[in-house]
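Working notes for the structure below.
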Amino acid sequence: MKDSVQRSSLLTWLADPLQATRDTAKRAFQSTTDRRVWLAPLGIGVALLVLSAIGFAADPEQFYFSYLIGWSFSLSIAIGGLFFLFFQHLTRAEWSVVVRRIPEALVWAFPALFVLGIPILFGMHDLYHWTHEELYVEGTPEYDAILAGKRAYLNTPFWIGRVVFYFAAWTLIAYKLYTLSVRQDVDPDTDIPAQQRTVSAWGLPLAAVTTAFASYDLLMSTYPHWFSTIFGIYFFSGGFLGAVCLISVLSMSMQRGGMLKNVVTKEHYHDLGKFTFGFVVFWAYIAFSQYMLIWYGGIPEETVWYKYRMEYGWGYHSAALLLGHFIIPFILMLPRFVKRSRPILAFWSVWLLGMHWFDLHWVVAPVLNEQGGFHWLDFACWLGLFSLIVGLVMYRLSRHALVPQNDPRLAQSLRFENA
Amino acid sequence: MANQEHAHSTATEHKDLSALAADGSYDASPPLVTGNLAFDDITEMVSKHAEKKKTPLMWWILFGIGLAGSLMLFALLAYKIWNGVGVWGNNQPVGWGWPIVNFVWWVGIGHAGTLISAILFLFRQQWRTAINRSAEAMTIFAVMCAGIFPAVHVGRIWVVYWMFPVPNQMEMWPQFKSPLMWDVFAVSSYFTVSLLFWYVGLVPDLATLRDRAKTFWRKRVLGFLALGWTGANRHWRNYEKSYLILAALATPLVLSVHSVVSFDFATSVIPGWHTTIFPPYFVAGAIFSGFAMVLTLLIIARVAYNLENIITINHLEKMNIIILVTGTLVGFAYITEFFIAWYSGVEYEQYAFLNRAFGPYAWAYWIMMACNLITPQLFWFKKIRRSIPAMFTLSIIVNIGMWYERFVITVTSLHRDFLPSSWGYYAGTWVDVLTFIGTMGFFLTLFLLFLRFAPMVAMAEVKAVLPEADPHHYEEGDGHGTGADVAFIQPAQETESSPDTDPDDAPPPPDAS
Numbered sequence: 008m009k010d011s012v013q014r015s016s017l018l019t020w021l022a023d024p025l026q027a028t029r030d031t032a033k034r035a036f037q038s039t040t041d042r043r044v045w046l047a048p049l050g051i052g053v054a055l056l057v058l059s060a061i062g063f064a065a066d067p068e069q070f071y072f073s074y075l076i077g078w079s080f081s082l083s084i085a086i087g088g089l090f091f092l093f094f095q096h097l098t099r100a101e102w103s104v105v106v107r108r109i110p111e112a113l114v115w116a117f118p119a120l121f122v123l124g125i126p127i128l129f130g131m132h133d134l135y136h137w138t139h140e141e142l143y144v145e146g147t148p149e150y151d152a153i154l155a156g157k158r159a160y161l162n163t164p165f166w167i168g169r170v171v172f173y174f175a176a177w178t179l180i181a182y183k184l185y186t187l188s189v190r191q192d193v194d195p196d197t198d199i200p201a202q203q204r205t206v207s208a209w210g211l212p213l214a215a216v217t218t219a220f221a222s223y224d225l226l227m228s229t230y231p232h233w234f235s236t237i238f239g240i241y242f243f244s245g246g247f248l249g250a251v252c253l254i255s256v257l258s259m260s261m262q263r264g265g266m267l268k269n270v271v272t273k274e275h276y277h278d279l280g281k282f283t284f285g286f287v288v289f290w291a292y293i294a295f296s297q298y299m300l301i302w303y304g305g306i307p308e309e310t311v312w313y314k315y316r317m318e319y320g321w322g323y324h325s326a327a328l329l330l331g332h333f334i335i336p337f338i339l340m341l342p343r344f345v346k347r348s349r350p351i352l353a354f355w356s357v358w359l360l361g362m363h364w365f366d367l368h369w370v371v372a373p374v375l376n377e378q379g380g381f382h383w384l385d386f387a388c389w390l391g392l393f394s395l396i397v398g399l400v401m402y403r404l405s406r407h408a409l410v411p412q413n414d415p416r417l418a419q420s421l422r423f424e425n426a
Numbered sequence: 132m133a134n135q136e137h138a139h140s141t142a143t144e145h146k147d148l149s150a151l152a153a154d155g156s157y158d159a160s161p162p163l164v165t166g167n168l169a170f171d172d173i174t175e176m177v178s179k180h181a182e183k184k185k186t187p188l189m190w191w192i193l194f195g196i197g198l199a200g201s202l203m204l205f206a207l208l209a210y211k212i213w214n215g216v217g218v219w220g221n222n223q224p225v226g227w228g229w230p231i232v233n234f235v236w237w238v239g240i241g242h243a244g245t246l247i248s249a250i251l252f253l254f255r256q257q258w259r260t261a262i263n264r265s266a267e268a269m270t271i272f273a274v275m276c277a278g279i280f281p282a283v284h285v286g287r288i289w290v291v292y293w294m295f296p297v298p299n300q301m302e303m304w305p306q307f308k309s310p311l312m313w314d315v316f317a318v319s320s321y322f323t324v325s326l327l328f329w330y331v332g333l334v335p336d337l338a339t340l341r342d343r344a345k346t347f348w349r350k351r352v353l354g355f356l357a358l359g360w361t362g363a364n365r366h367w368r369n370y371e372k373s374y375l376i377l378a379a380l381a382t383p384l385v386l387s388v389h390s391v392v393s394f395d396f397a398t399s400v401i402p403g404w405h406t407t408i409f410p411p412y413f414v415a416g417a418i419f420s421g422f423a424m425v426l427t428l429l430i431i432a433r434v435a436y437n438l439e440n441i442i443t444i445n446h447l448e449k450m451n452i453i454i455l456v457t458g459t460l461v462g463f464a465y466i467t468e469f470f471i472a473w474y475s476g477v478e479y480e481q482y483a484f485l486n487r488a489f490g491p492y493a494w495a496y497w498i499m500m501a502c503n504l505i506t507p508q509l510f511w512f513k514k515i516r517r518s519i520p521a522m523f524t525l526s527i528i529v530n531i532g533m534w535y536e537r538f539v540i541t542v543t544s545l546h547r548d549f550l551p552s553s554w555g556y557y558a559g560t561w562v563d564v565l566t567f568i569g570t571m572g573f574f575l576t577l578f579l580l581f582l583r584f585a586p587m588v589a590m591a592e593v594k595a596v597l598p599e600a601d602p603h604h605y606e607e608g609d610g611h612g613t614g615a616d617v618a619f620i621q622p623a624q625e626t627e628s629s630p631d632t633d634p635d636d637a638p639p640p641p642d643a644s
């Protein structure tokens, strides 16, 4: 990168790899808040994580599971942000320029998420049954022939190596997309849009493959006997939905704070709402395909995964997932005014963010607990990590223009209307 | 430069880029219609082919070929119905051979038309207007060809109507638990919606042809089909509403039809078939093959009918990008299937995939891999994306590859049953081959009739994406026809609230419903 924007010091690199460029932002696009806007969520995040640490002392196994669920939630949303940016750049989208800085700030969550993922390494023995050495000793009652067959893939060093590789790939793509856009704010190199498209073109297949395999490694292998080829797409669909909802929520909260007035309009919310609705349906399509094919086939090795999610109270979770993640939002988000009204769209965005976490909880938690329900750590870890990530997003947003102010399609985006 | 130097000096420094952006010379998207065509030119260029008295010799030659193919198709169908399914290569355990392969191949091809007319419409991709009419026609004809195969495969074709839930004194109903039954509903509703969508889109253009008609019967027939269209404001309003509703209805159909087709395989417990990625993977493959077929047809048609200024090289390039994306998605699904088959630890799954790649049908598998995953990667190069000979060759390769994909899925999973005593080698017979070629002739016949008698480009829609169609095209300075002197940052049109009121506190806008 040319040095039109200086790199930040190593200390702040995790939070923002670039020096602040806020002073160069046009007034309409400047963040007008003080540091409370990011300090508050960071503070809440740290407080909740300290609370979680107390929970760790009491029940480490529960802590690890709750932590994995909460961490996967933020991770999936950051991945969704990457895909959102790919789609916008590759299709040369005009409508989304005014909200694009939010996912750009979001995707730099990967380095922080990588650091926040370290506790999972210590919990691998609890989280991942396949890490147990005794499973691979032939002739013992613990010997598991199926898992022994998977050992070439499911073993701790290779698993760690893969996760490091995924994060390296995501961080690289995120760095390019984030810094190119911020650099454009101060140094309008006419080449930047083409570079953003190039990064998106190779980033898309790379992110697709790494996302799918990350979902197998992080989530699917918590129940290592089970397998489903659609699982990566399932993980992606929820994460993308979460990213779109987070964009809407953050944009609305900044507008509540007096920023981006008359920049982001109900026309943009209409499109974000359509994206949200579309991915509610897409998630349901993928979830239904996975469930229906396994149910219809009726092979015990596959149905067992759903069996655990149908009994001892988990059945209520399954029913709530179907209702809350699909049926209710599908029906109530159909009308046009829902997507054009900020309060109503805000409600559904927050609702669906909650449902996305509920979905991940439904995927992971039954591995630990035979009985359905929640543990307080589930909430503490989830909201603690998410507050931390949102605080860092707000920190980055406060340091730069709130809109890619020199994007050549900004004018079209500002006057965008749903014809 | 360090960022401090930029502080407080941005406004002047950025004017260059802003000006570039505003006058459209910065990263401008190329015009959708080239050659400075006016509205009238488009009407003339498209309508004249449906109106001319003398049909070109080449059309007659191709029509003759198509008709011969259709006759061969109907003769072979009669032969098959007379003699039974035994004339095909189907055996035990390969009960599904060429017929299902051909069915899936043809249904898949149809998907491009619906994607172009429905999904690209919802995503405001205006370039679709040049190709949607012919692509939708292709969809309808492809679904007709597809429907032939399961219909004659039922064996006793004289009771084929039993597939529909017709009340009867025997209280016999279709097996609703069977995905084959779901196919009947999925494909027939797909055909109905596609036909309606196509016809609704045709109405304004049929009215144009009606107004230009010279002969008595032409006036009457086109007048009947144009439904009294006058181009009145109210007509357009109703038209656009119905178009949007049909697009919204057709969008889930793009996904559902081929998902249901994939259920035919994936609900079974056959290794290689029973895998959860099948629905989205089949949909991606369908769009992939459909766009390849649209390319094959339009590369020829745009030259034969001098439509290069309407169906430009930029249109073809965009289709090539879609082929690249969907082809890579399909390849990703192949790799996922292979990996999870190994990961599953199920020896039957593992064997099914090894058998695919290295068994007796390895030749078909590697044709599929080469055609679908490897060669479309050439479209990463802009030169190849914009080279007519290269893209024509690749479109044919993709069509071949996608036929082989279905062949590989169907046959490799069946030909070695669980018991080695029921292992064998399956091959189609001459009846299989010639019936498939016959459907191509049938398709060609229908498509040529469409080219000859219907407006092959959606004239009204293409005119609507010309710059002149913008109501502000001839105005200056209102922020729409932006010149270099207009401020780059225009306040967006926030209508529901004055700047003083907090938009969050404002009541829901009155125009909301």
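Chain order of the listed sequences is P and A. Going letter by letter, the first sequence gives residues 8 to 426 in the working numbering. Going letter by letter, the second sequence gives residues 132 to 644 in the working numbering. Glycine included, every Cβ here is placed at the ideal spot set by N, Cα and C.
In angstroms with no decimal places, state the Cα-to-Cα distance between residue i and residue j.
i: ASP192/P; j: MET450/A; result: 33 Å
i: PHE295/A; j: ILE301/P; result: 27 Å
i: THR467/A; j: LEU267/P; result: 43 Å
i: LEU333/A; j: TRP236/A; result: 27 Å
i: SER518/A; j: ASP366/P; result: 47 Å
i: GLY458/A; j: TYR319/P; result: 44 Å
i: GLY286/A; j: PHE409/A; result: 28 Å
i: ASP414/P; j: TRP355/P; result: 30 Å
What residue from the options has the CA that sits closest to residue i's CA?
i: PHE538/A; options: THR566/A, LEU509/A, MET499/A; result: MET499/A
i: GLY217/A; options: LYS372/A, ALA589/A, GLU302/A, ASP563/A; result: ASP563/A
i: LEU337/A; options: LEU429/A, MET587/A, LEU208/A; result: MET587/A
i: LEU465/P; options: LEU404/P, TYR135/P, GLY249/P; result: With chain P represented from 8 up to 426, any question about residue 465/P goes unanswered, as that position is not in the structure.
i: ILE240/P; options: SER83/P, ASP385/P, GLU111/P; result: SER83/P
i: HIS363/P; options: LEU184/P, LEU329/P, THR197/P; result: LEU329/P
i: ALA119/P; options: ILE396/P, MET299/P, PHE337/P, ASP41/P; result: ILE396/P
i: GLU377/P; options: GLY322/P, PHE129/P, PHE174/P, ALA327/P; result: GLY322/P
i: LEU193/A; options: SER319/A, GLN306/A, ALA432/A; result: ALA432/A
The alpha helix (DSSP H) with residue i in it runs from where to where?
i: TYR276/P; result: 273–304
i: LYS449/A; result: 444–475
i: ASP385/P; result: 383–406
i: ILE237/P; result: Where ILE237/P is concerned, there is no enclosing alpha helix (DSSP H), given that its DSSP letter is neither H nor E.
i: HIS284/A; result: 263–284
i: LEU161/P; result: LEU161/P -> no alpha helix (DSSP H), and no H or E assigned at all.
So, with DSSP's three-state summary, where would you put residue i?
i: ARG316/P; result: coil
i: TRP369/P; result: helix
i: VAL25/P; result: Before going further, note that residue 25/P is Leu rather than Val in the sequence given. Three-state DSSP puts LEU25/P in a strand.
i: TRP404/A; result: coil
i: TRP554/A; result: strand
i: ARG547/A; result: strand
i: ARG429/P; result: Residue 429/P lies beyond the residue range present for chain P, which begins at 8 and ends at 426; the question has no answer from this structure.
Item to check | Three CB pairs or more closer than 8 Å across the segment 234–250 of chain A and the segment 419–436 of chain A | outcome: The segment 234–250 of chain A is in contact with the segment 419–436 of chain A.
Item to check | Residues of the segment 449–470 of chain A with Cβ closer than 9 Å to any Cβ of chain B, in chain order | outcome: Considering every chain present, this structure includes no chain B. Its protein chains are P and A.
Checklist entry - Three or more beta-carbon pairs under 8 Å between the segment 282–292 of chain P and the segment 117–128 of chain P, yes or no? => result These segments do not touch.
Checklist entry - Below 8 Å, can you find three or more Cβ-Cβ pairs linking the segment 168–180 of chain A to the segment 433–441 of chain A? => result Yes, the segment 168–180 of chain A is in contact with the segment 433–441 of chain A.
Next on the checklist: Measuring CB atoms only, is the segment 153–168 of chain P touching the segment 225–237 of chain P, in the sense that at least three cross pairs come out at less than 8 Å?
Outcome noted: With the cut-off at 8 Å, the segment 153–168 of chain P and the segment 225–237 of chain P touch.
Item to check | Stretch pair the segment 106–116 of chain P + the segment 402–418 of chain P: three plus CB contacts closer than 8 Å | outcome: Yes, the segment 106–116 of chain P touches the segment 402–418 of chain P.
Item to check | the segment 93–108 of chain P in contact with the segment 268–279 of chain P per 3-pair CB rule at 8 Å | outcome: Touching, yes, given that three or more Cβ pairs across the two stretches are closer than 8 Å.
Next on the checklist: Between the segment 506–525 of chain A and the segment 182–194 of chain A, can you find at least three pairs of beta-carbon atoms closer than 8 Å?
Outcome noted: Of all C-beta pairs linking the segment 182–194 of chain A to the segment 506–525 of chain A, fewer than three are shorter than 8 Å, placing the two stretches out of contact.
Next on the checklist: With three or more C-beta pairs closer than 8 Å as the rule, is the segment 53–61 of chain P touching the segment 381–395 of chain P?
Outcome noted: Result yes; three or more Cβ-Cβ pairs closer than 8 Å.
Checklist entry - Counting Cβ pairs closer than 8 Å, one from the segment 204–212 of chain A and one from the segment 385–393 of chain A, do we hit at least three? => result In short, these stretches do not touch, since the Cβ pair count stays below three.
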